[in-house]
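Q: In our numbering, the protein residues as written are 48 to 411. Each residue gets a CB set at the ideal place from its N, CA and C atoms; glycine is no exception.
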Amino acid sequence: MVTPRAPAEFMARALFHAARGRGRTSPNPMVGAVVVSPEGLIVGEGYHQKAGEPHAEVHALHMAGERARGATLYCTLEPCCHAGRTGACVRHIVAAGIARVVAAVEDPNPMVSGKGFEYLLKHHITVQVGLGRADATRLNQPFFTLVHEGRPFVILKAAVSADGKIAEAPGRATRLTSSAADRHAHGVRAEVDAIGVGSGTILADDPRLTPRGPFRERPLTRVIFDRRLRTPPTARVLSTRAAGPVIIMTTAESARLAARRRALEQHGAEIEVAPDGTIASMLQRLGSRSIESLLLEGGAELHAAAWDEGVVDFVRLYATPHVLGAGGVPLLNGRPFSHEDLTERRVETLGADTLIEGYVHGPR
Numbered sequence: 048m049v050t051p052r053a054p055a056e057f058m059a060r061a062l063f064h065a066a067r068g069r070g071r072t073s074p075n076p077m078v079g080a081v082v083v084s085p086e087g088l089i090v091g092e093g094y095h096q097k098a099g100e101p102h103a104e105v106h107a108l109h110m111a112g113e114r115a116r117g118a119t120l121y122c123t124l125e126p127c128c129h130a131g132r133t134g135a136c137v138r139h140i141v142a143a144g145i146a147r148v149v150a151a152v153e154d155p156n157p158m159v160s161g162k163g164f165e166y167l168l169k170h171h172i173t174v175q176v177g178l179g180r181a182d183a184t185r186l187n188q189p190f191f192t193l194v195h196e197g198r199p200f201v202i203l204k205a206a207v208s209a210d211g212k213i214a215e216a217p218g219r220a221t222r223l224t225s226s227a228a229d230r231h232a233h234g235v236r237a238e239v240d241a242i243g244v245g246s247g248t249i250l251a252d253d254p255r256l257t258p259r260g261p262f263r264e265r266p267l268t269r270v271i272f273d274r275r276l277r278t279p280p281t282a283r284v285l286s287t288r289a290a291g292p293v294i295i296m297t298t299a300e301s302a303r304l305a306a307r308r309r310a311l312e313q314h315g316a317e318i319e320v321a322p323d324g325t326i327a328s329m330l331q332r333l334g335s336r337s338i339e340s341l342l343l344e345g346g347a348e349l350h351a352a353a354w355d356e357g358v359v360d361f362v363r364l365y366a367t368p369h370v371l372g373a374g375g376v377p378l379l380n381g382r383p384f385s386h387e388d389l390t391e392r393r394v395e396t397l398g399a400d401t402l403i404e405g406y407v408h409g410p411r
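1. So what's residue 267 in DSSP terms, helix, strand or just coil?
2. Hey, would you say residue 361 sits closer than 9 Å to residue 200, going by beta carbons?
3. Between the beta-carbon of residue 339 and the beta-carbon of residue 189, is there less than 9 Å?
4. Using three-state DSSP, classify residue 48 as helix, strand or coil.
5. Are there any heavy atoms of the ligand NAD lying less than 8 Å away from the beta-carbon of residue 404, as far as the coordinates show?
6. Quick check: residue 213 and residue 322, are their CB atoms within less than 9 Å of each other?
7. Where do the N-terminal and C-terminal ends of the beta strand (DSSP E) with residue 394 fall, by residue?
8. If you reduce the DSSP assignment to three classes, tell me which class residue 412 lands in.
9. I believe residue 79 touches residue 64 by the beta-carbon criterion, under 8 Å. Please report the beta-carbon distance rounded to the nearest angstrom.
10. Report, in whole angstroms, the separation of the C-beta atoms of residue 62 and residue 186, which I expect to be a contact under 8 Å.
11. Per DSSP, what kind of secondary structure is residue 294 in: helix, strand or coil?
12. So for residue 210, helix, strand or coil by DSSP?
13. Nearest-angstrom Cα distance between residue 215 and residue 221?
14. Run through DSSP, which three-state label would residue 202 get?
15. Name the residue from 177, 145 and 218 whose alpha carbon lies nearest to the alpha carbon of residue 115.
Take a look at the structure:
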């Protein structure tokens with residue numbers, strides 16, 4: 048005798064499919080859907096594969112075909128009710144004859160935000176909300192952060208020595224991580240919308256800031272936080288614009304340095320002027336570009352400024368066995384910090400190094 052599967056299992060399956068879109072759907076959320084017949088059989092499933100392409104519900108309903116009539120649709124996010132580029136999912140759900148929709152969480156997008164559920168209820172479809180809410184919210188933290196706060200979800204990333212330092216000395220490039228940690232870090236680069244560094248990192252390391260190894264389908268935005276327009280036009284990152292745009296965030300005062308600005312723009316940089324010199328205002332400008340996630344790679348001054356302003360959402364540390372000594376540059380420029388205080392902290396061994404990561408405030 049076959050034991051009937053529980054609703055939580057069907058939602059877990061939908062969440063599994065949603066995660067298959069990681070790194071490909073921005074600025075849309077990752078969404079998965081599963082169609083379950085009245086007998087408890089999965090007859091259709093799918094996920095949102097890429098922005099501008101059909102949503103998860105459409106893929107699942109197409110697979111189910113006529114078997115969708117009278118069935119239950121499990122989806123990780125409230126179905127959309129606006130036309131957009133792919134048509135409203137709620138219309139497809141009604142047309143397919145779905146009897147019940149079980150959604151993990153409401154869509155915070157003002158164009159949806161409960162309106163999708165209202166449409167389904169008006170068409171006599173039963174709606175249940177909340178199953179798998181925590182996991183669905185965690186999966187789409189960048190999307191939720193952009194909608195709620197108008198800025199990207201910020202991930203502070205650093206390689207740290209055993210004595211809590213990130214470099215041998217100010218302005219000195221210091222390699223700390225193993226090849227295993229490097230592979231992991233480039234895997235993360237393949238998923239986020241943007242990488243951010245300070246102008247000091249550009250001057251000290253002259254990095255290209257490109258993803259290497261894992262395949263990346265979308266362009267990668269590189270962001271340089273540069274209040275004084277110190278970035279040289281010859282910076283190597285400006286020679287890699289085929290990988291994605293390079294945005295230099297600066298202030299109105301520095302933007303008046305016409306010669307510097309013109310030279311940078313002639314070499315392909317996009318100058319974005321924030322209303323003031325705060326990291327928060329710069330992040331708002333990035334949010335206006337629909338950048339959902341930002342990997343803040345350093346250096347110490349940029350990390351400290353973002354930490355002080357309370358805009359760091361997640362911390363990812365690669366702890367290494369190296370010891371750099373008293374002259375080294377401390378993480379967060381010496382501000383009080385303990386990874387033990389992170390929420391939902393996770394620890395993983397990567398070769399000789401240890402990955403330690405977690406939320407600053409928790410998923411929200």
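A: In this structure, then:
1. Taking the first residue of the sequence shown as position 1, residue 267 is located at position 220. If DSSP states are grouped into helix, strand and coil, residue 267 belongs with coil.
2. Along the sequence shown, one-based indexing puts residue 361 at 314. Along the sequence shown, one-based indexing puts residue 200 at 153. Yes.
3. Here the question's residue 339 lines up with position 292 in the sequence shown. Here the question's residue 189 lines up with position 142 in the sequence shown. Yes, the Cβ-Cβ distance between residue 339 and residue 189 is below 9 Å.
4. Taking the first residue of the sequence shown as position 1, residue 48 is located at position 1. Residue placement at residue 48 cannot be trusted, given a pLDDT of 36 that sits under 50; the coordinates are not used to answer.
5. By its list of ligands, the structure shown contains no ligand whatsoever, and the ligand NAD lies outside what it can speak to.
6. The residue given as residue 213 occupies position 166 in the sequence shown. The residue given as residue 322 occupies position 275 in the sequence shown. Not in contact: residue 213 and residue 322 (Cβ atoms no closer than 9 Å).
7. Numbered from 1 along the sequence shown, position 347 holds the residue referred to as residue 394. Note, residue 394: beta strand (DSSP E), 390-397.
8. In the structure as shown, the chain begins at 48 and stops at 411. Residue 412 is therefore absent and cannot be evaluated.
9. Position 32 of the sequence shown, counted from the start, is the residue given in the question as residue 79. Position 17 of the sequence shown, counted from the start, is the residue given in the question as residue 64. Rounded, the Cβ-Cβ distance is 3 Å, consistent with contact.
10. The residue labelled residue 62 in the question sits at position 15 within the sequence shown. The residue labelled residue 186 in the question sits at position 139 within the sequence shown. Rounded, the Cβ-Cβ distance is 7 Å, consistent with contact.
11. Taking the first residue of the sequence shown as position 1, residue 294 is located at position 247. Here residue 294 sits in strand by DSSP.
12. Within the sequence shown, the letter at position 163 stands for residue 210. Looking at residue 210 - three-state DSSP - the assignment turns out to be coil, as it is neither helix nor strand.
13. Numbered from its first residue, the sequence shown carries residue 215 at position 168. Numbered from its first residue, the sequence shown carries residue 221 at position 174. The alpha-carbon atoms of residue 215 and residue 221 are separated by roughly 6 Å.
14. The residue labelled residue 202 in the question sits at position 155 within the sequence shown. Here residue 202 sits in strand by DSSP.
15. By 1-based counting over the sequence shown, the position of residue 115 is 68. When only C-alpha atoms are compared, the closest one is 145.
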